[in-house]
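So the sequence shown is numbered by my numbering: it starts at 481 and just counts up by one.
Below is one structure; the comments refer to it alone.
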Amino acid sequence: MGVSDLEDDDVFEDVRERVDRPMARLFRTYGWKYRFPFAIGFVSSVVARILDLLPPLLLAVAIDAIFGKQDYSLWLVPDVWLPDGQVAQMWLTVGIIAAAFLIGAVFHWTRNWGWNTFSQNIQHNVRTDTYDKMQRLNMDFFADKQTGELMSILSNDVNRLERFLNDGMNSFFRLAIMVIGIAVILFSMNWQLALIALVPVPVIAFFTKKFIEIIQPKYAEVRSSVGQLNSRLENNLGGIQVIKAANTESFESDRVDDVSSDYFDANWDAIGTRIKFFPGLRLISGLGFVLTFIVGGLWVLGEPLGPLSGSLRAGQFVAFILYTQRFIWPMAQFGQIINMYQRAYASSERIFGLMDTPSRIVEDPDAEPLEVTDGHVEFDDVTFGYDDEEAIVEDISFEVEGGDTVALVGPTGAGKSTVMKLLLRMYDVDDGAIEVDGTDLREATIPSLRQAMGYVSQETFLFYGTVRENIEYGTFDVEKAEIVEAAKMAEAHRFIQNLPEGYDTKVGERGVKLSGGQRQRIALARAILKDPDILVLDEATSDVDTETEMLIQRSLNELTADRTTFAIAHRLSTIKDAEKIVVIEDGRIVEWGTHADLLAEDGLYAKLWAVQAGEIDELPQEFIERAARRRAQTETEADD
Ligand code: ADP
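Laid out in structure tokens, this is it:
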């Protein structure tokens, strides 16, 4: 068993507990659909194994007929059908053995076809269903669970299921048929000697059980230490820049050495047990073999061994020896299969655990597609918290007339992005309501809602693919000219043209690296191309230099002229022309109005404006104190 596939720890314990009989559910939900290939695999397994067992039996008959002067007779075949001459009998034997191999090969093929079709299809369905379910889960699910853990379910766990369904079940049936088939043949040839030949079986079963008991905790140890090693390596590679800058290479090498040594020790401990077990099994089966050889051999020679007496023909003796050889190993392999089953069981618990995770955002069965006529948006007394304990935004009420631009302004952490996420229905409000043209968001279908809104955030993610694909993402099927037009409006056209392959340059994780500002401009072009009814710009130009921002602003003015727009911006100059500016502090609206109104009011906005305009050096003391208090409070909460 490899160790590389053991790297994940149980991160889904909480959901696991709710999953009942996961393997039964797996077969019910996914297996039943593929019962036809399963049946082919199963029947072929049986036939192929029976054919595999034929040659030693025929060999025994042939040896006894030729050397032992016995009558040539075959099971289930009337004697009158058999030829008389020895040469003819030999040819018949050869013919049957050859036919058995040939037919056997065909059945081995159909068996593999059946099992692989069964397991690959289940694997594919489970993976796509799990992914489908996962991307529909709430955003907070992704905040809690690390991407690595989710990846491990989608890859490791699904693969492990496949391995069991294919190799595990296949081997199980193969071994079961072998063991039963051989036992039947041995007992029907000579039941006394069969008993002697089977003496090692209970001994091996006992040792295998012990072995599993001892090795399981050791494998768990390996699993956990390889998990730690991977986390450490991943962390260090991600933070390589910090390591270099802080000159901590040797410190980190030592830390890696430590976790790697733990892994080494755990692994060596498991290996130590494993490498003793298999030779031990060989020894026991060897002893059984010797015992059968002695007793059987003496019986062939007509000598009893102490109280054990019996008669045996030379051919039968050969068949016994060949069969016992084949019998012992399957016994040891059962342990492996049980192991595979246990791992597949744990994996399916995790998979179904994920599938059963409830989604907080559910579409109302009576939901209708959202129809944006005017673009009027109203927040009515909205309160929301990411967890049940603390409200992040409270009593938020404001209205935006269709086509207007509203800017949200306030210190970092005030809750501006949260308000926008509520509008996009990434989360549902705890209290109050958000309405678009009089329709509560919760009464609209989710796809229609997302279709109506365009969102450009501070953190722009580009998919691995060409620039063009990234711009048309979500719109699809658009002319190149439209893409170029959108890019021009987002001030992205020029730099895109300078990329090695223009719009066909690959960007994203493995592609050409773009700066934050360039990524934002591509994201902006994407939103422009989508041409949504409502546009949400959350610090959409924060990474762009001031000069480019001014250029983009010109296009944005055109873009937002007749479109309801929400804009969050730190640089107040970019939003001062908004029809309405809502100032949020600490999750509450503290003031609102136009730029001129707010300046006249001389509150937080006026102060922020003065700082940015260079009229005063810093915020008045009272604001700084308030911010410091807020920070201290957040930090104490984080410590709790
Ligand atoms: P702003 O956009 O004004 O900077 P945010 O809306 O991003 O503020 O954040 C408001 C508060 O909500 C912050 O205290 C932040 O730590 C918290 N917060 C933001 N996102 C989450 C989340 N996914 N889970 C829990 N708390 C969050």
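All C-beta atoms in this analysis are idealised placements derived from N, C-alpha and C, irrespective of residue type, glycine included.
Remember, predicted model here, so these are calculated numbers, not experimental data.
Give every residue of the same chain whose Cβ lies closer than 8 Å to the Cβ of residue i, excluding the five residues on either side of it in the sequence, and list them in chain order.
i: Asp-920; result: Ala-913 and Ile-914
i: Asp-485; result: Interpretation of Asp-485 is limited by its pLDDT of 40, a score under 50 that renders its predicted location unreliable; no figure is taken from the coordinates.
i: Ala-750; result: Ile-695, Lys-698, Tyr-699, Glu-701 and Val-702
i: Asp-544; result: Gln-550, Arg-793, Ala-794, Gly-795 and Gln-796
If you compare alpha carbons, which of the options is closest to residue i?
i: Met-804; options: Gln-938, Val-679, Leu-1039 and Ala-700; result: The sequence shown places Thr at residue 804, not Met. Ranking the options by Cα distance to Thr-804, first place goes to Val-679.
i: Gly-760; options: Gly-865, Phe-691, Gln-816 and Ala-1003; result: Phe-691
i: Ala-700; options: Thr-925, Tyr-743 and Tyr-944; result: Tyr-743
i: Thr-1021; options: Lys-968, Asp-957 and Glu-939; result: Glu-939
i: Thr-597; options: Asn-747, Leu-781, Glu-642 and Val-541; result: Glu-642
i: Leu-1017; options: Asn-978, Ala-970 and Glu-1071; result: Ala-970
i: Val-574; options: Leu-534, Glu-732 and Asn-670; result: Leu-534
i: Asp-875; options: Asp-911, Ala-578 and Ile-520; result: Asp-911
i: Ile-1008; options: Ala-1047, Thr-955, Glu-1019 and Ile-1055; result: Thr-955
i: Asn-1037; options: Glu-1059, Gln-1000, Leu-539 and Asp-1025; result: Glu-1059
i: Asn-650; options: Tyr-821, Val-499 and Val-557; result: Tyr-821
i: Val-499; options: Leu-888, Val-770, Lys-986 and Glu-829; result: Glu-829
i: Arg-754; options: Phe-687, Glu-981, Ile-723 and Asp-738; result: Phe-687
i: Tyr-825; options: Phe-943, Lys-993, Leu-645 and Glu-923; result: Leu-645
i: Glu-1027; options: Ser-1053, Ala-1003 and Thr-1044; result: Ser-1053
i: Asp-860; options: Val-916, Arg-806, Glu-962 and Asp-1077; result: Val-916
i: Ile-1121; options: Phe-518, Asp-984, Arg-806 and Tyr-611; result: Since the first and last residues shown for the chain are 481 and 1120, residue 1121 lies out of range.
i: Thr-590; options: Val-523, Asp-1013 and His-604; result: Val-523
i: Leu-506; options: Ala-685, Gly-707 and Arg-607; result: Arg-607
i: Pro-517; options: Ile-602, Ala-540 and Ala-542; result: Ile-602
i: Val-843; options: Asp-908, Arg-712 and Ile-818; result: Looking at the sequence provided, one finds Glu at residue 843 rather than Val. Comparing Cα positions, the closest option is Asp-908.
i: Asp-734; options: Glu-981, Leu-713, Ala-746 and Gly-752; result: Leu-713
i: Val-852; options: Asp-1082, Ile-841, Ser-877 and Gly-883; result: Gly-883
If you follow the beta strand (DSSP E) that residue i is in, where does it begin and where does it stop?
i: Arg-1138; result: In the structure as shown, the chain starts at 481 and stops at 1120, and residue 1138 therefore has no counterpart that could be examined.
i: Leu-1124; result: This structure cannot speak to residue 1124, because the chain is shown only from 481 to 1120.
i: Met-933; result: 933-936
i: Glu-879; result: 873-880
i: Val-916; result: 911-916
Got a sec? Which residues, its chain only, sit under 7 Å from residue i by beta carbon, not counting five neighbours each side?
i: Leu-655; result: Pro-810, Gln-813 and Phe-814
i: Ala-1185; result: The structure shown has nothing for residue 1185, since the chain only spans 481 to 1120.
i: Ile-476; result: Here the chain comprises residues numbered 481 to 1120, so residue 476 is not present and cannot be evaluated.
i: Leu-929; result: Leu-850, Arg-905 and Leu-921
i: Ala-967; result: Ile-951, His-973, Ile-976 and Ala-1005
i: Asp-532; result: Gly-584
i: Thr-1040; result: Thr-885 and Leu-1015
Assign residue i to one of three DSSP states: helix, strand, or coil.
i: Leu-888; result: strand
i: Glu-1129; result: No answer is possible for residue 1129: the residues shown for the chain start at 481 and end at 1120.
i: Leu-781; result: coil
i: Glu-1059; result: coil
i: Ala-1047; result: strand
i: Ala-966; result: helix
i: Leu-486; result: Low per-residue confidence applies at Leu-486: pLDDT is 38, beneath 50, and the placement is therefore not dependable, though the value from the model is reported in the following sentence. Helix, per DSSP.
i: Asp-920; result: strand
i: Glu-1102; result: helix
i: Val-987; result: strand
i: Glu-714; result: helix
i: Glu-1065; result: strand
i: Leu-902; result: helix
i: Phe-731; result: helix
i: Ala-972; result: coil
i: Gln-708; result: helix
Grab me the residues of residue i's own chain with a C-beta within less than 6 Å of its C-beta, minus the 5 sequence neighbours each way, in chain order.
i: Trp-512; result: none
i: Val-958; result: Glu-952
i: Leu-785; result: Val-775 and Leu-778
i: Ala-663; result: none
i: Pro-845; result: none
Could you spell out where the alpha helix (DSSP H) holding residue i opens and where it closes?
i: Thr-610; result: 566-615
i: Ser-995; result: Premise fails: Ser-995 is in no alpha helix (DSSP H) and is neither H nor E.
i: Ala-540; result: 515-546
i: Leu-1039; result: 1026-1040
i: Arg-1125; result: The structure shown does not extend to residue 1125, since the chain spans only 481 to 1120, so no value can be given for it.
i: Val-947; result: 947-952
i: Ser-1022; result: Looking at the DSSP string, Ser-1022 is not in any alpha helix (DSSP H), and its letter there is neither H nor E.
i: Asp-725; result: Sequence inspection shows Ala at residue 725; the Asp mentioned does not correspond to that position. Per DSSP, Ala-725 belongs to the alpha helix (DSSP H) from 720-725.
i: Ala-1086; result: 1084-1092
Cβ-heavy atom distance between residue i and the ligand ATP below 7 Å?
i: Thr-898; result: For the ligand ATP, the structure offers nothing, since it holds only the ligand ADP.
Going residue by residue through the region 622-690, where are the continuous alpha helix (DSSP H) segments of at least 4 residues, counting only ones entirely within it? List check, alpha helix (DSSP H) in window: 627-632, 638-643, 649-669 and 671-677.
Which runs of the alpha helix (DSSP H), 4 residues or longer, sit entirely within the region 784-863? List check, alpha helix (DSSP H) in window: 794-836.
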